[in-house]
Amino acid sequence: MKGKINWDALGIGASLACAIHCALLPLFFTSLPLFGFNIIHHLGFEIGMIGLSLAIGLYSLWHGFRKHHHSLLPIGLFVAGFIFLVLKQFFLEYHNWLLVPAVLLIVTAHINNYRSCQVHNHAHADDCDH
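The following block contains the structure:
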């Protein structure tokens, strides 16, 4: 049986995993080093999560745009959210203030893309070359 990957659901999951990592792990900050884990504020982990979010998001949204709905709204929402996501790495004192809109915009972009794909299924427009 061949399964189909829902890239929007995967993107939402990755965004939520990032939000959970950023929001909940600081609560355990004092106990994690006792167990040998140090992923809080670990630059490699942060860059990996941001890269994962970018790769899944761009693939999912580009596919939806190109094959289904031809709407730039989901891509615009994603780019805005991703800008907030990158900014939080540079402005650490505003980390949580930048994280909340980042996650909300990225998740909204995936939900909008998913709904647009469901409604349009395969809408051909004048600019459609497939």
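Each position in the sequence shown, counted from 1, maps to that position plus 22 in the working numbering. Beta carbons: idealized from backbone N, C-alpha and C, even for Gly.
From the options, residue whose alpha carbon lies closest to that of residue i
i, options, result
"Lys-110", "Arg-88, Leu-65 and Ala-77", "Leu-65"
"Val-101", "His-117, Leu-80 and Ile-133", "Leu-80"
"Asn-134", "His-117, Asn-118, Ala-124 and Phe-87", "Phe-87"
"Met-71", "Val-125, Tyr-136, Tyr-116 and Arg-137", "Val-125"
"Ile-69", "Tyr-116, Val-108 and Tyr-136", "Val-108"
Contact check, residue i vs residue j, beta carbons under 8 Å
i, j, result
"Leu-83", "Pro-96", "yes"
"His-91", "Cys-139", "yes"
"Ala-36", "Leu-121", "no"
"Leu-74", "Phe-106", "no"
"Leu-99", "Ala-131", "yes"
"Ile-34", "Val-129", "yes"
"His-85", "Trp-119", "no"
Residue i, DSSP secondary structure in three states
i, result
"Ser-37", "helix"
"Lys-26", "coil"
"Leu-94", "coil"
"Phe-112", "helix"
"His-43", "helix"
Cα-Cα separation between residue i and residue j, rounded to whole angstroms
i, j, result
"Lys-26", "Lys-89", "15 Å"
"Leu-32", "Phe-112", "26 Å"
"Phe-104", "Leu-94", "15 Å"
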